[in-house]
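Per this note's numbering, the very first residue in the sequence shown carries number 12; after that it's consecutive.
Glycine included, each C-beta is placed from N, C-alpha and C at the ideal position.
Remarks on the structure that follows.
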Amino acid sequence: MKLNRGFLKLAQAAKKRIKETTIKAVSARLERGDKSFILVDVREESEWNKGHLPGAIHLGKGIIERDIETASPDKRKELVLYCGGGYRSALAAENLQKMGYKKILSMDGGFRGWKEAKLKIVH
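If you want it as structure tokens, here you go:
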């Protein structure tokens, strides 16, 4: 998918102000049953319905700021966000940081990278 220049510029700037994690690191955490974080899919509902990472909750980018305090009222709880490729999750991570969340990670490579690595997907 070709991304528009303005969007890329915005997302790349956000990536400089947030922390990222890798697909490999998230997969390893899930495999060992790490319950210390909440995995959040910020993609659109139609994307979520086609498949998502095991154990993830869905809070689309359009509603995450509105609903995050219900899903995770503890602002010290670690949240790992992912989207299709790692750009929307970076933008969402930046906003959650502005809301006072302390441990936010965006998964670089997103769902596409996860699928390319042939890791487990649930429907």
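6 Å CB neighbourhood of residue i in its chain, flanking five on each side removed
{"i": "L130", "result": "S38"}
{"i": "G111", "result": "K86"}
{"i": "G120", "result": "I34 and G97"}
Residue nearest to residue i in terms of C-alpha spacing, selected from the options
{"i": "L14", "options": "A36, G95 and A103", "result": "G95"}
{"i": "N106", "options": "K126, I79 and E127", "result": "I79"}
{"i": "L41", "options": "A67, R28 and I115", "result": "A67"}
{"i": "L50", "options": "F122, K126, E127 and A128", "result": "F122"}
{"i": "Q108", "options": "L19, G44 and E89", "result": "E89"}
{"i": "H134", "options": "A25, H69 and K26", "result": "H69"}
Segment limits, beta strand (DSSP E) that includes residue i
{"i": "S117", "result": "I115 to M118"}
{"i": "D52", "result": "F48 to D52"}
{"i": "L70", "result": "That residue, L70, is in no beta strand (DSSP E); it is neither H nor E in DSSP."}
{"i": "E89", "result": "E89 to Y93"}
Whether residue i touches residue j by CB criterion (8 Å)
{"i": "A22", "j": "A101", "result": "yes"}
{"i": "L64", "j": "I132", "result": "yes"}
{"i": "T32", "j": "V91", "result": "yes"}
{"i": "K72", "j": "A103", "result": "yes"}
{"i": "I29", "j": "S117", "result": "yes"}
Where the alpha helix (DSSP H) through residue i begins and ends
{"i": "E7", "result": "The question about residue 7 has no answer, for the chain in this structure spans 12 to 134."}
{"i": "L19", "result": "R16 to K26"}
{"i": "K126", "result": "G121 to E127"}
{"i": "E105", "result": "R99 to K109"}
{"i": "E56", "result": "E56 to N60"}
Spatial neighbours of residue i in its chain, beta-carbon cut-off 8 Å, leaving aside the 5 residues before and after
{"i": "K113", "result": "K86 and R87"}
query = Between the segment 84-99 and the segment 39-59, do at least 3 Cβ pairs fall closer than 8 Å?
reply = yes
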